[in-house]
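Residues in the sequence shown are numbered from 44 upward in steps of one, following the numbering used here.
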Amino acid sequence: MCAGPWTDERVRQHVGPLFSRHCAALAGRAYLANHSLGRPLDATADDVREGLDAWYAAMGDAWEAWEAEERAHRARLAALLGATREDSVVPKTSAGQGLRAVLGSYDRPPRVVSTRGEFDSLDVILREWARRGRLTLALVEPRPPVAGASDARALPRFDAADILAAIAPGTDLVVVSDVMFQTGERIVALPDIVARAHACGARVLVDVYHSLGVLPLDVAAAGIDFAVGGCYKYLRGGPGACFLYVAPRWLDEGLRTVDTGWFAKARRFDYRRPEPPEFARGGDAWLESTPPVLAAYQARAGQRFALALGVGRLREDSLAKQASLVGRLSDHGVVAVGGTPARGAFVVVPFLEAPDGYAAWVADTLAARGIVADARGPFLRLCPDVLTSVGRRRARRARRRFHREGGTRLKGTRWTTRGRVSGRRHRHPNEPCPCGAAAATGPAAGDHAVPARGALDDDDARTMPFEAHQARRIATASRLIGARWRNPRSSPNALPDAGRDASRDRRPSFRARLHARGHAPVRGIGPAGESADSSNPAADAAHRRPPGTRDLLKRHGIAPSP
44 MCAGPWTDER VRQHVGPLFS RHCAALAGRA YLANHSLGRP LDATADDVRE
94 GLDAWYAAMG DAWEAWEAEE RAHRARLAAL LGATREDSVV PKTSAGQGLR
144 AVLGSYDRPP RVVSTRGEFD SLDVILREWA RRGRLTLALV EPRPPVAGAS
194 DARALPRFDA ADILAAIAPG TDLVVVSDVM FQTGERIVAL PDIVARAHAC
244 GARVLVDVYH SLGVLPLDVA AAGIDFAVGG CYKYLRGGPG ACFLYVAPRW
294 LDEGLRTVDT GWFAKARRFD YRRPEPPEFA RGGDAWLEST PPVLAAYQAR
344 AGQRFALALG VGRLREDSLA KQASLVGRLS DHGVVAVGGT PARGAFVVVP
394 FLEAPDGYAA WVADTLAARG IVADARGPFL RLCPDVLTSV GRRRARRARR
444 RFHREGGTRL KGTRWTTRGR VSGRRHRHPN EPCPCGAAAA TGPAAGDHAV
494 PARGALDDDD ARTMPFEAHQ ARRIATASRL IGARWRNPRS SPNALPDAGR
544 DASRDRRPSF RARLHARGHA PVRGIGPAGE SADSSNPAAD AAHRRPPGTR
594 DLLKRHGIAP SP
């Protein structure tokens with residue numbers, strides 16, 4: 044993998060070709076949901092095919108190859124976690140499966156301390172077990188956000204003192220995330236929590252799903268007893284490739300779980316049945332029944348990618364791009380939090396005072412404009428990664444270089460490849476784009492669909508190369524989020540005052556401005572929005588425009604700002 048300074052040019056040369064299938068399918072959109080589902084590498088398909096080929100070729104003897112790959116899978120995860128033994132990493136299909144195994148290691152209903160910020164895969168299990176009397180649960184509440192704050196205080200946050208106070212003698216297990224999935228808050232006091240729990244005789248389970256592969260981890264040095272996570276996000280391994288980490292000291296002491304199976308036997312293919320059952324040594328005793336063997340192949344390419352680039356280097360790149368995105372959003376009056384060491388890998392835009400579902404509506408609106416993000420509750424989440432270009436200056440340089448090499452021109456709403464009449468051949472369909480972001484197959488491999496020009500506010504976007512195009516899409520996201528319903532007289536991202544006459548703030552519609560300039564309005568809609576063909580209701584309904592952004596905001600009782 045490339046070494047040296049991290050630049051868009053080096054990404055284009057060394058990293059982009061590894062994701063050619065994804066970039067071709069992306070079709071000009073900006074993917075900012077890397078915190079949700081990581082981008083797959085091209086090699087992932089070949090790796091999974093290798094596992095299938097072993098099945099085709101060897102049938103029952105394929106288990107030799109499958110078990111070898113699972114051991115390699117556990118070794119790679121151990122390296123990423125900072126674990127000292129590969130057998131301390133136990134493959135699971137979900138983080139929740141790992142939690143249930145830990146709960147099953149107690150001989151009586153354990154007393155558990157956790158937080159309200161845990162992801163549902165853990166939270167639902169804990170609360171349901173508590174409801175059935177199988178554990179006692181104490182949940183730490185977050186501190187409320189500070190009104191008018193424009194930094195991390197604008198988000199709910201967990202105070203270390205509150206978590207430490209909840210851990211008392213008699214506590215059996217503490218369950219906490221390294222990075223909170225909704226707000227991106229990192230629990231920086233984790234060493235203090237571990238020390239307090241151990242002093243009270245409790246064990247600690249840490250959810251590292253939002254830190255593995257993007258934050259340097261050392262579970263051995265941290266003294267963590269258990270950790271759960273998976274490869275779905277930053278390790279680009281898709282669903283099903285999860286794990287449970289068990290500290291070696293518990294393995295050496297013979298800690299067992301009732302959540303077990305025949306793969307945990309000392310002699311797996313020996314069908315004698317001693318009483319009690321004889322279990323394998325070390326972490327293999329925490330295995331269960333027949334595993335989904337292809338998950339190890341599916342996760343291979345992403346794990347190797349993270350190990351080759353180095354998690355520390357990926358973290359530096361993530362922080363820089365988050366800071367750039369936060370700056371652009373802030374320029375448009377949007378409170379956005381991210382890009383600091385106390386945060387995870389994604390930027391959060393809070394909509395705490397908005398109606399329920401508003402953040403999801405913003406995410407859907409961004410998706411309609413070619414920007415893929417997501418929302419969890421009232422929080423919009425945006426996560427650039429190593430493939431995301433955010434530098435305007437770099438984008439301009441890439442654009443000039445791209446056109447010197449015979450790049451693309453916008454024709455209608457499609458990008459089409461053009462070659463010079465002399466001195467340059469046309470690009471083969473399987474050849475990577477000159478911008479380095481897409482290598483597709485098929486007769487239309489050179490065409491990258493983009494939204495209509497209205498989604499881009501800059502005229503020079505018409506001649507922008509594929510990957511550099513993402514920088515302007517991020518800027519578009521800034522304007523989109525900042526212009527919708529910000530009240531200049533109150534805190535950013537706040538709803539307009541209830542008593543304010545918002546009708547004075549409404550700008551004339553696009554059609555009204557056309558009418559004022561003497562242009563004919565669109566059929567079926569007059570200059571003020573009334574029907575222009577009221578004598579024919581059927582025709583009026585057939586040609587009425589779909590609701591726009593302002594109409595949707597009005598339905599939610601939100602007045603757009605000027």
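Ideal Cβ positions, reconstructed from N, Cα and C, are used throughout, including at glycine.
Computed from a predicted structure; not experimentally measured.
Assigned secondary structure, residue i (DSSP; H/G/I helix, E/B strand, else coil)
i: Lys364; result: helix
i: Cys274; result: coil
i: Pro259; result: coil
i: Phe62; result: helix
i: Tyr314; result: coil
i: Pro580; result: Confidence at Pro580 is low in this model, with a pLDDT of 49, below 50, so the placement of that residue should be treated as unreliable; the coordinate-derived value is given next. Of the three classes helix, strand and coil, the one that applies to Pro580 here is helix, per DSSP.
i: Pro173; result: It is Ala, not Pro, that sits at residue 173 in the sequence shown. Of the three classes helix, strand and coil, the one that applies to Ala173 here is helix, per DSSP.
i: Ala388; result: coil
i: Arg55; result: helix
i: Val613; result: Outside the displayed span of the chain (44 to 605) sits residue 613, for which this structure offers no information.
i: Ile168; result: helix
i: Phe162; result: coil
i: Arg447; result: Confidence at Arg447 is low in this model, with a pLDDT of 49, below 50, so its placement is unreliable and the value that follows should be read with caution. It is helical.
i: Ala209; result: helix
i: Tyr74; result: strand
i: Gly355; result: helix
i: Leu345; result: Correcting the residue type first, residue 345 is Gly in the shown sequence and not Leu. Helix, per DSSP.
i: Gly455; result: Only weak support exists for where Gly455 lies, its pLDDT of 30 falling under 50; the value from the coordinates is given anyway. Gly455: coil per DSSP, three-state reduction.
i: Pro291; result: helix
i: Glu331; result: coil
i: Val301; result: coil
i: Thr127; result: coil
i: Gly139; result: helix
i: Ala192; result: coil
i: Arg114; result: helix
Check: residue i C-beta below 8 Å from any heavy atom of the ligand PLP
i: Glu52; result: The ligand PLP is not part of the structure shown, which contains no ligands of any sort.
When the options are compared against residue i, the one with the closest alpha-carbon
i: Gly273; options: Gly94, Val133, Ala111; result: Val133
i: Phe322; options: Val336, Gly266, Pro335, Leu294; result: Leu294
i: Gly387; options: Lys276, Phe312, Arg170; result: Lys276
i: Val424; options: Val354, Gly413, Thr431, Ala402; result: Contrary to the premise, residue 424 reads as Arg rather than Val in this sequence. Answer by Cα proximity: Ala402.
i: Asp302; options: Val145, Ile230, Tyr252; result: Val145
i: Ala263; options: Tyr252, Arg292, Arg419; result: Arg292
i: Ala70; options: Gly413, Leu430, Arg114, Gly147; result: Gly413
i: Pro334; options: Tyr99, Pro60, Lys135; result: Lys135
i: Asp85; options: Leu124, Arg279, Gly139; result: Arg279
i: Thr383; options: Leu430, Asp399, Lys364, His57; result: Lys364
i: His116; options: Val415, Gly381, Leu337, Leu352; result: Leu337
i: Leu368; options: Cys426, Pro319, Arg315; result: Cys426
i: Arg159; options: Gln225, Leu120, Gly125, Trp172; result: Gln225
i: Ala190; options: Pro83, Pro398, Phe394, His253; result: Phe394
i: Leu120; options: Thr431, Ala328, Val289; result: Val289
Expected contact under 8 Å - CB spacing of residue i and residue j to nearest Å
i: Gly81; j: Gly345; result: 7 Å
i: Val219; j: Ala245; result: About 12 Å; that fails the 8 Å criterion.
i: Val251; j: Ile210; result: About 20 Å separates the two Cβ atoms, so there is no contact after all.
i: Glu112; j: Gly94; result: 7 Å
i: Ala307; j: Ala339; result: Between Ala339 and Ala307 the Cβ distance is about 18 Å, and since that is not below 8 Å, they are no contact.
Short Cβ contact (9 Å threshold) for residue i with residue j
i: Pro152; j: Leu169; result: no
i: Gly326; j: Ser137; result: no
i: Val392; j: Leu362; result: no
i: Phe269; j: Leu255; result: no
i: Val354; j: Leu198; result: no
i: Ala240; j: Thr214; result: yes
i: Asp163; j: Arg186; result: no
i: Lys196; j: Ala385; result: First, the residue type needs correcting, since residue 196 is Arg and not Lys in the sequence shown. No; because the gap between Cβ atoms is not below 9 Å, this pair is not in contact.
i: Ser148; j: Leu350; result: no
i: Ser432; j: Val91; result: no
i: His253; j: Gly281; result: no
Residue i - partner residues in DSSP beta bridges
i: Pro134; result: Phe286
i: Ser432; result: For Ser432, which the question treats as bridged, DSSP gives no partner whatsoever.
i: Pro393; result: Phe422
i: Arg229; result: Val222
i: Leu248; result: Val218, Phe269
i: Ser157; result: Leu182
i: Arg200; result: Arg186
i: Val369; result: In DSSP, Val369 forms no bridge with anything.
i: Asp417; result: Arg424
i: Val380; result: Val391
i: Phe606; result: In this structure the chain extends from 44 to 605, so residue 606 is not present and cannot be described.
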